[in-house]
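A quick write-up on the structure given underneath.
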Amino acid sequence: MTNSGKGQIGNIDLVKQLNGAVVYRLIDLEGPISRIQIAELSQLAPASVTKITRQLLERGLIKEVDQQASTGGRRAISIVSENRLFHTVAVRLGRRDATITLFDMSSKSLAEAVYSLPERSQDALEVSLLQAIAKFIDTYQRKIRELIAIAIILPGLVEPEKGIVKYMPHIKVDNWPLAERLETHFSVKSFVGHDIRSLALAEHYFGATRDCDDSILVRVHRGTGAGIITKGQVFLSSNGNVGEIGHIQIDPLGEKCHCGNFGCLETVAANAAIEQRVRTLLNQGYPSKLTLDECNIGAICRAANRGDPLAVEVIEHLGRYLGKAIAIAINMFNPQKIVLAGEITEATKVLIPAIQSCINTQALEEFRTGLPIVTTELNHQSAIGAFALVKRAMLNGVLLQQLLENQTS
Ligand SMILES: [Zn+2]
212 MTNSGKGQIG
222 NIDLVKQLNG
232 AVVYRLIDLE
242 GPISRIQIAE
252 LSQLAPASVT
262 KITRQLLERG
272 LIKEVDQQAS
282 TGGRRAISIV
292 SENRLFHTVA
302 VRLGRRDATI
312 TLFDMSSKSL
322 AEAVYSLPER
332 SQDALEVSLL
342 QAIAKFIDTY
352 QRKIRELIAI
362 AIILPGLVEP
372 EKGIVKYMPH
382 IKVDNWPLAE
392 RLETHFSVKS
402 FVGHDIRSLA
412 LAEHYFGATR
422 DCDDSILVRV
432 HRGTGAGIIT
442 KGQVFLSSNG
452 NVGEIGHIQI
462 DPLGEKCHCG
472 NFGCLETVAA
482 NAAIEQRVRT
492 LLNQGYPSKL
502 TLDECNIGAI
512 CRAANRGDPL
522 AVEVIEHLGR
532 YLGKAIAIAI
542 NMFNPQKIVL
552 AGEITEATKV
562 LIPAIQSCIN
572 TQALEEFRTG
582 LPIVTTELNH
592 QSAIGAFALV
602 KRAMLNGVLL
612 QQLLENQTS
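Mapping to the numbering used here: the sequence shown position 116 is 327, numbers consecutive.
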């Protein structure tokens with residue numbers, strides 16, 4: 212169940228894993244598809260395709276469906292992936308709670324619950340988190356056919372291969388081997404990832420960037436973070452962490468950031484900073500329908516959409532700074548799409564034009580021409596990033612191979 216042998220994975224095993232992944236991926240993405248088409252597209256020998264599809268069928272991971280006429284006039288049986296028999300427990304660990312969602316393999320959410328987790332030490336948090344997951348599994352047991360993985364996303368720094376948490380913004384952690392703890396406790400393959408990077412991957416599999424291989428997702432919430440997808444993969448350094456767009460300096464004379472520098476983007480682009488700016492302007496007597504009592508991000512966005520001058524000013528001000536940082540990211544990565552996420556996306560009518568006007572003057576013409584700026588399609592599914600980690604492990608063969616070898620897990 213552990214990864215301990217992974218370093219010495221044999222060539223034959225690796226080939227098996229990769230070939231299995233190629234076949235499964237084609238079926239999952241292109242299905243219904245015939246064995247002949249799989250062989251053509253994968254360039255695997257027809258006998259290999261037959262063997263792999265037999266294993267996948269026996270394991271229940273794919274199923275045969277109605278026949279389709281092949282080009283030669285003969286009829287061939289088509290195959291699709293079987294999504295309903297396999298389940299994932301996906302967790303979004305926040306600063307005070309955990310949102311836990313049960314997904315089937317089609318990314319359909321079957322159940323969701325939020326558990327309060329106020330603990331402020333690694334050990335206490337681990338105990339409570341494991342208890343919350345156990346309780347969730349117990350509560351929704353009858354919906355689960357086969358639990359194939361548990362995945363957690365969280366704010367902070369994660370070593371993605373081993374699922375070790377190196378840093379969290381609100382508690383002190385010491386190389387927290389969270390994936391290993393989950394695997395020991397629940398005897399099921401487990402994954403841990405960074406929340407925004409994982410959300411960018413989810414957007415690529417199930418959301419706004421399904422149709423492109425290179426994209427940047429920017430989310431504003433407590434701060435600003437980015438997830439960069441290049442060639443269909445999450446862009447990471449060997450240190451694991453990239454995309455700290457929130458700490459690009461956008462104003463040398465700006466506020467002090469919690470990172471120690473001054474004028475970072477997230478001193479402006481964070482829900483609390485946006486709300487504070489509205490409060491300050493209201494106190495200075497700027498006319499607005501907003502009141503000091505009703506000064507939350509949702510109300511501000513709705514007011515901006517209605518044309519409230521103060522709310523519009525605040526969102527445009529935010530858009531100009533966000534746009535500046537996004538233009539830098541465009542010049543660096545030349546993406547095919549920019550995705551915005553977070554509560555601010557409710558104010559798209561005002562926000563996107565403000566961002567766009569910065570991009571038009573600060574990003575290379577060749578990079579910005581025809582570049583769509585869109586909003587997330589996954590706004591209300593906070594744990595879907597965790598499910599994306601499991602989906603990836605199926606598509607790249609890591610989890611798929613384990614399922615094939617372990618019939619009774
Ligand atoms: Zn900073």
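Heads up, the beta-carbon is just placed ideally off N, CA and C, and yes, glycines get one too. Just so we're clear, the structure is a prediction, and the values are computed from it rather than from any experiment.
Separation of residue j from residue i, as counted between CA atoms
i	j	result
Val403	Leu412	13 angstroms
Ile427	Arg356	35 angstroms
Ser398	Glu391	10 angstroms
Met316	Thr299	8 angstroms
Ile375	Leu296	29 angstroms
Tyr326	Arg513	29 angstroms
Asp308	Ser253	44 angstroms
Ser245	Leu600	28 angstroms
Lys442	Glu505	43 angstroms
Arg408	Ile439	7 angstroms
Ser620	Ile359	At Ser620 the pLDDT is 42, less than 50, meaning the model places this residue with poor confidence; the figure from the coordinates comes in the next sentence. Cα-Cα distance, rounded: 8 angstroms.
Lys602	Phe578	30 angstroms
Thr580	Cys423	16 angstroms
Thr587	Pro371	24 angstroms
Ala256	Gln248	11 angstroms
Trp387	Met379	10 angstroms
Arg421	His405	20 angstroms
Thr556	Leu562	8 angstroms
Ala469	Asp239	Before going further, note that residue 469 is His rather than Ala in the sequence given. Each residue's alpha carbon lies about 44 angstroms from the other.
Exposure label - residue i; buried when at least 16 CB within 10 Å
i	result
Ser292	buried
Ala258	exposed
Thr478	buried
Gln342	exposed
Ser448	exposed
Lys383	exposed
Pro546	buried
N- and C-terminal bounds of the beta strand (DSSP E) containing residue i
i	result
Phe402	Ser401 to His405
Under 8 angstroms between C-beta atoms of residue i and residue j
i	j	result
Val585	Gly451	no
Asn230	Ile263	yes
Glu527	Asn482	no
Gln573	Lys535	yes
Glu275	Ile288	yes
Val550	Val525	no
Tyr235	Met605	yes
Ala552	Ala301	no
Leu503	Ala510	no
Leu492	Leu529	no
Gln612	Lys377	no
Gly365	Leu321	The displayed chain sequence assigns Leu, not Gly, to residue 365. No. Outside cutoff.
Leu410	Leu589	yes
Unbroken alpha helix (DSSP H) run spanning residue i, endpoints
i	result
Tyr175	Nothing can be reported for residue 175: it is not among the residues displayed for the chain, which extend from 212 to 620.
Glu527	Pro520 to Phe544
Leu389	Leu389 to Phe397
Thr587	Unbroken run through Thr587: none, as it is neither H nor E.
Pro564	Thr559 to Gln573
Gln254	From DSSP, Gln254 is part of no alpha helix (DSSP H); its letter is neither H nor E.
Ser339	Gln333 to Thr350
Ile517	Checking the sequence shown, residue 517 turns out to be Arg, not Ile. Premise fails: Arg517 is in no alpha helix (DSSP H) and is neither H nor E.
Gln613	Val609 to Glu616
Counterpart residues of residue i in DSSP-defined beta bridges
i	result
Leu428	Gly438 and Val550
Glu505	Thr502
Asp315	His298
Glu372	Partner(s): none; Glu372 has no beta bridge.
Val276	Ser289
Leu358	His298
Phe473	Lys467
Ser245	Ser289
Thr261	According to DSSP, Thr261 bridges with nothing at all.
Ile461	According to DSSP, which records beta bridges pairwise, Ile461 is partnered with nothing at all.
Asp385	BP columns for Asp385 are empty, so no partner.
Asp197	This structure cannot settle anything about residue 197, because the visible part of the chain is limited to 212 through 620.
Arg629	Absent from the structure is residue 629, since the part of the chain shown begins at 212 and ends at 620.
Gln444	Thr441
Tyr235	Tyr235 is not bridged to any residue.
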